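This report refers to the structure that appears directly beneath it.
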Amino acid sequence: MIPGKCCATCAHHYIDPINPRAPRAAMAAVAGLYRRVLPLPGIDFTCREGKEIFREALEDGTMEGFFKLIAHFQTQAEPAFCGLASLSMVLNSLSIDPGRKWKGPWRWFDESMLDCCEPLEKVKTDGISFAKVTCLGECSGARVEAVRASESSLEDFRSVVKKCCSSEDEHLIASYNRQLLKQTGTGHFSPIGGYHERRDMALILDVARFKYPPHWVPLNVLWDAVNTVDVSTGKSRGFMVVTKRSEPPSLLFTSSCKVENWRDVSRFLSQELRVVVRNGKMTSVEDVFSAILETFPGKVTGFVKWIVEVRRSNDESGKLDNDEMQRLTLKTNVLNQLRSTDMYKRLAGWLKSTPSCPCALSEKSLTDEVGEASCQGKSLLCGGLHKSKSCASCVSCKRMTRTTDGQGAGVLIGDGGVKDGNVQVIVPTGSCELHPTPVDVVTVLLLAQPSETWSEIPNSEVRLEFVNLGATDKLPDLLQLEVVHLQRQLRVLNCSDE
211 MIPGKCCATC
221 AHHYIDPINP
231 RAPRAAMAAV
241 AGLYRRVLPL
251 PGIDFTCREG
261 KEIFREALED
271 GTMEGFFKLI
281 AHFQTQAEPA
291 FCGLASLSMV
301 LNSLSIDPGR
311 KWKGPWRWFD
321 ESMLDCCEPL
331 EKVKTDGISF
341 AKVTCLGECS
351 GARVEAVRAS
361 ESSLEDFRSV
371 VKKCCSSEDE
381 HLIASYNRQL
391 LKQTGTGHFS
401 PIGGYHERRD
411 MALILDVARF
421 KYPPHWVPLN
431 VLWDAVNTVD
441 VSTGKSRGFM
451 VVTKRSEPPS
461 LLFTSSCKVE
471 NWRDVSRFLS
481 QELRVVVRNG
491 KMTSVEDVFS
501 AILETFPGKV
511 TGFVKWIVEV
521 RRSNDESGKL
531 DNDEMQRLTL
541 KTNVLNQLRS
551 TDMYKRLAGW
561 LKSTPSCPCA
571 LSEKSLTDEV
581 GEASCQGKSL
591 LCGGLHKSKS
601 CASCVSCKRM
611 TRTTDGQGAG
621 VLIGDGGVKD
631 GNVQVIVPTG
641 SCELHPTPVD
651 VVTVLLLAQP
661 SETWSEIPNS
671 EVRLEFVNLG
681 ATDKLPDLLQ
691 LEVVHLQRQL
701 RVLNCSDE
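Throughout the sequence shown, residue numbering follows the numbering used here, covering 211 to 708 in sequence.
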């Protein structure tokens with residue numbers, strides 16, 4: 211705070227120390243804050259000592275990751291978006307393709323695109339947890355190794371920091387309590403941009419650049435800040451190592467922890483499902499299907515979503531560019547491969563002969579699905595955070611056109627009315643001319659379960675049959691990658707259990 215000024219609301223008491231006789235009218239109050247003075251033990255990256263530490267660390271080879279990070283350094287767009295900004299910065303530094311457009315023709319990660327695990331409006335008001343940032347990284351195509359401080363040590367942390375800062379291919383995001391660094395605020399996320407081994411100092415690339423500049427801090431002090439408990443979750447903070455995956459991210463299906471009961475679903479799949487199949491009297495595969503769907507908490511389609519692509523309307527014909535067509539063809543191939551599995555055929559056949567559809571399989575109309583996606587697309591493509599849960603102009607979307615690519619892959623495009631124009635939703639269709647259905651969702655979820663789950667089935671014949679139906683090593687390549695991606699997401703959710 212400037213000497214002589216007690217707060218922004220009493221700025222009229224301010225006396226200019228350089229020119230005490232300056233007219234007070236010129237010292238009008240200005241609302242808000244302009245940055246903070248960086249307190250010790252932080253050392254400003256741009257000061258003389260900060261530059262010296264940088265030069266020494268560069269010579270020691272522990273600033274290798276700095277240059278890619280600094281090329282994508284960004285300021286968080288909202289006071290509570292530190293986790294989203296840190297992740298967006300790291301994903302772009304790793305050259306991970308988001309697989310969807312940001313603005314114009316460009317595919318690029320932005321905070322507004324990181325909404326698959328938590329609604330942006332909720333993050334804007336409440337911030338985001340360590341587990342949800344981990345989930346977002348996985349959903350975005352990165353490999354995230356998340357470590358809680360309660361399960362680590364200063365020595366382990368130091369080793370990981372040095373390793374990441376000596377590489378261009380892996381970056382570390384720290385979750386820490388600012389108060390341990392004598393800074394204002396509490397929980398915060400930021401990438402670590404470098405390490406000085408002899409001085410044992412880490413460089414924090416603070417994404418709240420409106421508040422503090424990038425700064426060096428003693429590693430043991432940073433560890434103390436990381437090794438704290440987040441009162442909102444009751445769990446310790448931690449750090450995560452983010453790398454680029456060699457395999458592509460999900461094409462068609464993804465898990466979602468936006469639904470209120472996602473913890474119940476995660477617990478059901480990781481723990482309770484085994485009890486269900488162990489205790490049930492199952493004499494056929496169909497009995498297993500019935501037991502699972504009768505005990506599933508909520509709707510399967512709320513927890514596992516199928517992915518559509520949203521774009522601004524280009525023209526009335528609904529013509530797709532080459533990239534869009536390629537992604538659509540891959541999604542269509544995944545859908546067709548899924549429907550060719552024995553698991554899908556058995557499940558679809560059983561449901562067809564079942565008088566009433568299980569509650570867990572209730573289905574929205576395609577119009578509603580497209581309308582919902584249009585509503586989300588409106589928020590993403592037309593600027594701002596969409597506050598309403600539904601958008602009448604989008605949900606009432608009724609105009610559907612159908613086109614095909616050269617290989618016969620179908621696409622349904624729906625126009626949702628938007629103030630600044632229309633958005634279009636590109637939906638893959640299978641060989642039987644149906645968009646992804648709840649049967650597809652349940653099938654891929656069953657395929658994503660570990661084989662140990664089915665080993666609990668008491669009846670040996672049913673057990674063997676179900677294990678064979680769920681064998682991922684026998685799946686076609688594209689579908690196998692899709693199932694492995696979903697398995698990875700489920701593991702992340704199981705580990706978070708906040």
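Even for Gly, the Cβ is constructed at its ideal location relative to N, Cα and C.
These numbers come from a predicted model, not from an experiment.
Backbone CA spacing between residue i and residue j [nearest angstrom]
| i | j | result |
| --- | --- | --- |
| R455 | F264 | 30 Å |
| Q659 | F449 | 28 Å |
| K334 | S363 | 32 Å |
| S312 | G337 | Per the sequence shown, residue 312 should be read as Trp rather than Ser. Spanning the two alpha carbons is a distance of roughly 23 Å. |
| I280 | D531 | 33 Å |
| C604 | L655 | Note that C604 scores a pLDDT of 43, beneath 50, so its modelled location is shaky; the value from the coordinates is reported in the next line. So the alpha carbons of these two residues sit roughly 29 Å apart. |
| L696 | R673 | 23 Å |
| E671 | W664 | 12 Å |
| R521 | P308 | 14 Å |
| V371 | F499 | 47 Å |
| V514 | C345 | 14 Å |
| A241 | N543 | 56 Å |
| A558 | L657 | 14 Å |
| K421 | T394 | 9 Å |
| E331 | D366 | 36 Å |
Assumed close pair residue i, residue j - CB separation to whole angstroms, cut-off 8 Å
| i | j | result |
| --- | --- | --- |
| F340 | S385 | 5 Å |
| G252 | C375 | Incorrect: roughly 18 Å between the Cβ atoms, too far for contact. |
| I383 | L538 | At roughly 33 Å, the Cβ-Cβ gap does not stay under 8 Å, so I383 and L538 are not in contact. |
| L479 | L545 | Contact doesn't hold; Cβ gap of about 23 Å is too wide. |
| H381 | S303 | 6 Å |
Residue i: CB within 7 Å of a non-hydrogen atom of the ligand MN
| i | result |
| --- | --- |
| R477 | No copy of the ligand MN appears in this structure; indeed no ligand is present at all. |
Identity of the residue in the options nearest residue i by Cα
| i | options | result |
| --- | --- | --- |
| V475 | V495, V417, L268 and R701 | R701 |
| T453 | R353, V672 and M273 | R353 |
| T443 | K342, N302, F255 and T256 | K342 |
| L415 | I502, H282 and L674 | H282 |
| V247 | R317, L391, E380 and D379 | L391 |
| W318 | C345, A267 and V300 | V300 |
| Q481 | E355, V518, R245 and E666 | E666 |
| S466 | C349, A287 and S298 | C349 |
| R245 | A418, Q389 and K373 | A418 |
| S369 | T272, T396 and N302 | T272 |
| W249 | L243, V510 and Q389 | In the sequence on display, residue 249 carries Pro and not Trp. It is Q389 whose Cα lies nearest to the Cα of P249. |
| E378 | S661, L462, F277 and D687 | F277 |
| N669 | E380, K491 and L545 | K491 |
| A267 | T396, A356, G351 and L413 | L413 |
| T505 | W516, V694, I517 and R477 | R477 |
Beta-bridge pairing of residue i - partner residues as DSSP gives them
| i | result |
| --- | --- |
| M411 | H406 and P428 |
| P401 | I383 |
| E519 | I636 |
| V451 | E355 and L382 |
| K313 | W316 |
| F463 | W516 |
| D440 | K445 |
| D254 | H425 |
Q | Contact between the stretch 322-333 and the stretch 410-430 (3+ Cβ pairs under 8 Å) | A | no
Q. Quick check: the stretch 397-417 against the stretch 479-497, are there 3 or more CB pairs under 8 Å?
A. no
Q: Pair every Cβ in the stretch 352-369 with every Cβ in the stretch 432-443, then say whether three or more of these pairs are closer than 8 Å.
A: With a cut-off of 8 Å, the stretch 432-443 and the stretch 352-369 count as touching, because enough Cβ pairs lie within range.
**Q.** the stretch 548-563 contacting the stretch 647-663, beta-carbon criterion three pairs below 8 Å
**A.** yes
Q: Count the C-beta pairs between the stretch 251-265 and the stretch 405-416 that are closer than 8 Å, then say yes if the count reaches three, no if not.
A: yes
Q. If we count Cβ pairs, one from each stretch, closer than 8 Å, do we get three or more for the stretch 673-682 versus the stretch 489-503?
A. yes
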